[in-house]
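Protein chains in written order, with this note's numbering: chain A, 16 to 349; chain B, 107 to 381; chain C, 96 to 566.
One structure is given below, encoded as structure tokens.
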Amino acid sequence: MHDTRRPSDTSRLVAKRPELTMLSRTADSLYWVSRYVERAEYLARILDATMRLSNLPSSYGGAGSEWQSAVATAGCEDTFAKAYGEANERNVCDFLTFNPDNPSSIRNCLALARSNARGVRTALTSEMWDALNGAWLELQRFEKKRMDREEFARFLDWVKNVSLVFDGSAYRTMLRDDGYWFSRLGVYIERADNTARILDVKYHVLLPANEQVGGSLDYFQWTTVLREVSALTAYHWVYREAVKPILIADLLILNRRMPRSLAACYENISRFLDQLGDSYGRHGPAQRQARKTLANLSNTSIDDIFQHGLHEFIEDFITENNRLGGTIFEQYLQ
Amino acid sequence: MRIRISHSIAYAYAEPARHITQILRLTPRDHDGQHVMSWRIEPTVDGRLRATQDAFGNIVHSFSADGPIAEMAIKVDGLIETSDLAGVLRGTAERVPVDVFRRETLLTAPDEALRRFSAEATHAAGTPLSQMHALMEALHAGVACIETDERTGVGAAAAFAASEGIAQDVAHIFIACARHLGMPARYVSGYVAQSESLRHANGAHAWAEIHLDDYGWIGFDAANNLCPTDTHVRVATGLDFSGAAPARGARAGGDGEALAVRISAREDGSRLTEQ
Amino acid sequence: MAAFDEMTGSGAELRPAYDALDRWLKEAPPEMLALRRSQAELFFRRIGITFAVYGDEESTERLIPFDIIPRVLTKPEWTRLEAGLRQRVTALNMFLADVYGPKECLKAGIIPPDLVYRNACYQLDMVDFAVPHGIYCHIAGIDIVRVDADTFYVLEDNARTPSGVSYMMENREVMLRLFPELFATHRVAPVDNYPDQLLATLRSVAPRTASSDPTICLLTPGQFNSAFYEHSFLADKLGVELVEGSDLLVKDDVVYMRTTQGPKRVDVIYRRIDDDFIDPLVFRGDSVLGVPGLIGAYKAGNVTLANAVGTGVADDKAVYSYMPEIVKFFTGEEPILKNVPTWRCREPDANAYVLDNLEKLVVKEVNGSGGYGMLVGPHANKAQIETFRRKLKAQPEGFIAQPTLALSTCPTFVASGVAPRHVDLRPYVLSGANGISCVPGGLTRVALKEGSLVVNSSQGGGTKDTWVLDA
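What follows is the structure, given as structure tokens:
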């Protein structure tokens, strides 16, 4: 019975279309609900891929630095260093999953998603709410358990599934108006940030200087990168050749067919911002900024990027993406 | 006595404020024994300053300004001519029925200790007037008035339990006791001019006024243990501090507020400076 | 003291209104009733679920038990009740306009002035301020109890922010789903037009400067308030934004809500925040729920608050006792609805009577609320009675006393089967520039414990659907 945000919004076909009104707080909450759910899924992917890497015999793996790298990829090295000394499997898994003091633990991401949703309950469809509320209850069951590796793997799968269900509910049940667009913007801004962070932490293994013949240590690092964005299969479909760092970078940065690539994220961000701008009758700095980034991603080649420095490119992108988040906030959410 | 007052309330924000609204009760009115010769209120940032009156007849300025504002101050300057009427108030604009001042408020709610104190302090006194004097004596002796900018008021009962408080607290205790004894009482915020004989002077001050059938309103400054004289400048009255506070504000943004208050109230030596 | 039963009267006869229901109850197997009850509970969990029932650490709300047997009022009963409610609410609004304006009723000695002036709910800021369209109490919830076939008493006038109307609507919704056959045999007056009436009322009181399509919003203290479900329910049904204090801003005495398209002007605020918390610049400075500057905008005539600030003076317990005189003074008519007989202890004769009969009476502190400072004589022990005797002697003006009433009972489905339980009724009366309206019925609250007279949900009370039969 709460499928629609407001009755007035459904009357699209009448001659005088009612003015859209959305509280900034509502839009802000929708945006952050999506960001937190997306982030929770991303954390689960990092942990999943890192577990796999750490399971390799040490002659194949990164000699234990993979856990440090997971913390870096999650973007919370400082908080981790304060709470724990050593980056080992136990500490990192604990920190990134249930630690209540880590603002970006999976637990806190889901909790924040739910409390944001709760405050704007009627702006969500009941399917979206059920997905979040159910996840929150289920999470408490997981939290109480002592988990072995198998159980932990199940937990990570479950987190990914929560995100799928939530995302699918939003896609299938939300009215296509500003509420939907803000929620989508949250997904793609977060996703772009996540993909960029993986590249930022792992850029060195993708650089030509480090490239060795197939079967080297780096091979497993590369496939880990692909696994973190669940793109290993996609890679083979797209390139039909052995895993090569420059192609991984191409796939994750420029390939619009790859849903987690920076280009695909910006295609969506720009589209949803344009739809917002159209329906509000006004385009502003957020639209211009997103278009500029998208154009940049479209007009560059992966060779250019490597030539000018992959690391610099990624760092610039992360800064720009954060800036766009800030611009969206100033333009719509405050 | 001619008293020159300058009062500055300065705010600085670590993060600039986007919007500021202030309600200022900083403007005295004329009545017998108090004549406002000149008075200016000046905010240091551009904004909208509008004067109205509240239910008690206080002059209220509402000030609002848009940011970003990193710092701002409200500056008040004025000259008042006073005469000593032994605390008896005449010629004020009384807007609300006296019964209103029998209300208990959050800050003036008495507890058991205060009720006992009011009874014990006044049981030997005969007339209501002498009861109030006895109450003032006892309060002055029993509760120390602390001179500080660092503290905010804690309310009558808490201050009484601590046996000390700022001038605001002392006034609240007096009001709580008087109301408990059935007398209409109100809070006064104002200034006291620098003086050799007074402990709590040269600055903002607060005291109480009691309504007695035979006299009307009479002031009682328990912190100084006397009824207001020509050193006292009345600015605003209310049921308690919250209704007479010199400045109440709200802002958007502006985290990390630092507040600096400077007040001087002195006898004006040179009559030639009159404007 | 045998209570009047709304189905069987004094016990023997069957009152006609309950004819069909009685037949149905006799045929209905208890298992079916139990099944339907659990289905009803499921329904409430599903809709209320969103805020409460999951035992997370933030939740403070529980489900209020719902009784599946409706309470039935006949058309003539309701017609008289409604006339009484209209009269009462008219008088409440006139009283408020008077005490904040010319004060004729004080001058005429209808009510002692100090009862008004000493009352903390009498908002001095409202004195001589003309509220938009002269209406103070736009939404009133008048608590009614019944003691026999013909006598309804007003127990309390809720003139501030009465709650519970969402239960009235959801109760009907669940009954329609679970017992369609009962609605086929009873012509029950609908209640689902309440949101439309409320919206029309709110629109009608927009400031005269507002456009013909005023912007309305509902101001809630937030998701941790116990009535948040109702706030969100009503905002949804009204099609208006549900705002928190931080969603509103005041600039140059105009109220705006922060939207994704910039500030949008607000004309009418249905506020579910108490006076004390509504504007930290005027009332409690420690309130983070309110909107700084709101009272300034209100007094500048740029926004309507529903209900107006300061309506609490009209539903105060001491003022209550003068309501019959107030109704008569302002409407010039005899009150249609009676007050519960009330002794004002400030009057020496009354106090003497009260002191002599403490063990029979309910004594209430004038400024107390929520059962604080209350003595229920028949259930009190000697020590409690003596404590009150001392209080009454020391400060008689602080108290009123009432007889313990035998509230009417209605058939209720409890553990032992169908049994009579005490009920009250809260109809919701809307007052706007468009007149007064009142959907038939209201919220019936029922004391589920045998013999209990306490219908409050915090103390084992439940609710029922209330039917006004059209034929």
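From the three backbone atoms N, C-alpha and C, an ideal C-beta is built for every residue, glycine too.
- With a beta-carbon spacing of about 25 Å, residue 252 of chain C and residue 448 of chain C fall beyond the 8 Å limit used to define contacts.
- Each residue's CA atom was taken as its position, placing residue 299 of chain C and residue 222 of chain C some 23 Å apart.
- Three or more Cβ pairs closer than 8 Å define a contact, and the stretch 284–294 of chain B meets that threshold against the stretch 206–219 of chain B.
- Within the same chain, 108, 109, 110, 185 come within 8 Å of residue 374 of chain B by CB-CB distance, once the 5 residues on both sides are set aside.
- By alpha-carbon distance to residue 258 of chain A, the top candidate from A:69, A:292, A:221, A:162 is A:221.
- Around the beta-carbon of residue 161 of chain A, fewer than 16 other beta-carbon atoms lie within 10 Å, marking it exposed.
- Residues of chain A with a Cβ closer than 8 Å to the Cβ of residue 353 of chain C are, in chain order, 38, 39, 40, 349.
- With respect to residue 310 of chain B, residue 297 of chain B sits close: the two C-beta atoms are nearer than 8 Å.
- By a beta-carbon distance limit of 8 Å, residue 495 of chain C contacts residue 413 of chain C. Their separation comes to about 6 Å.
- DSSP places residue 297 of chain B in the uninterrupted beta strand (DSSP E) bounded by 291–298.
- At least one CB of chain C lies nearer than 8 Å to the CB of residue 134 of chain A.
- Per DSSP, reduced to three states, the secondary structure at residue 119 of chain A is coil, with no helix or strand assignment.
- Among the residues of chain C, those whose CB is under 8 Å from the CB of residue 127 of chain B are 345, 376, 387, 388, following chain order.
- Here DSSP, grouped into helix, strand and coil, assigns residue 312 of chain C to strand.
- Under the 8 Å criterion on CB atoms, residue 560 of chain C is classed as non-interfacial with respect to chain B.
- In this structure, the alpha-carbon of residue 122 of chain C lies about 16 Å from that of residue 514 of chain C.
- For residue 104 of chain C, there is no enclosing beta strand (DSSP E), since its DSSP letter is neither H nor E.
- When Cβ-Cβ separations below 8 Å define contact, residue 222 of chain C makes contact with chain B.
- Bridge pairing for residue 274 of chain A: absent [DSSP].
- For residue 188 of chain C, the uninterrupted alpha helix (DSSP H) segment begins and ends at 170–194.
- Bounds of the beta strand (DSSP E) holding residue 176 of chain B are 165–188.
- Cβ neighbours of residue 195 of chain A within its own chain (closer than 6 Å, five residues either side excluded): 189.
- Beta-bridge annotation (DSSP): residue 506 of chain C is paired with C:515.
- Taking a contact to require three or more Cβ pairs closer than 8 Å, the stretch 333–352 of chain C and the stretch 361–370 of chain C qualify as touching.
- By the neighbour-count definition (other C-beta atoms within 10 Å, threshold 16), residue 294 of chain C is a buried residue.
- Residues of the stretch 142–172 of chain B with a Cβ closer than 9 Å to any Cβ of chain C, in chain order: 154, 156, 158, 160, 161, 162, 168, 170, 172.
- Burial check for residue 376 of chain C: the Cβ neighbour count within 10 Å reaches 16 or more, so the residue is buried.
- With 16 or more other Cβ atoms from the protein chains shown falling within 10 Å of its own Cβ, residue 205 of chain A counts as buried.
- Straight-line spacing of the CA atoms in residue 196 of chain C and residue 341 of chain A works out to 51 Å.
- Nearest neighbour of residue 475 of chain C by Cα position, chosen from C:453, C:441, C:485, C:434, turns out to be C:453.
- Any Cβ of chain C closer than 8 Å to the Cβ of residue 295 of chain A would place that residue at the interface, and such an atom is present.
- For residue 218 of chain C, no CB of chain A lies under 8 Å from its own CB, so it is not counted at the interface with that chain.
- At a cut-off of 8 Å between C-beta atoms, residue 331 of chain C counts as an interface residue with respect to chain A.
- Annotation for residue 456 of chain C: the continuous beta strand (DSSP E) segment containing it runs 456–460.
- The beta carbon of residue 345 of chain C is closer than 8 Å to those of 351, 386, 387, 388, 389, 391, 392 in its chain, skipping five residues each way along the sequence.
- Look at residue 470 of chain C here: in three-state DSSP terms it is strand.
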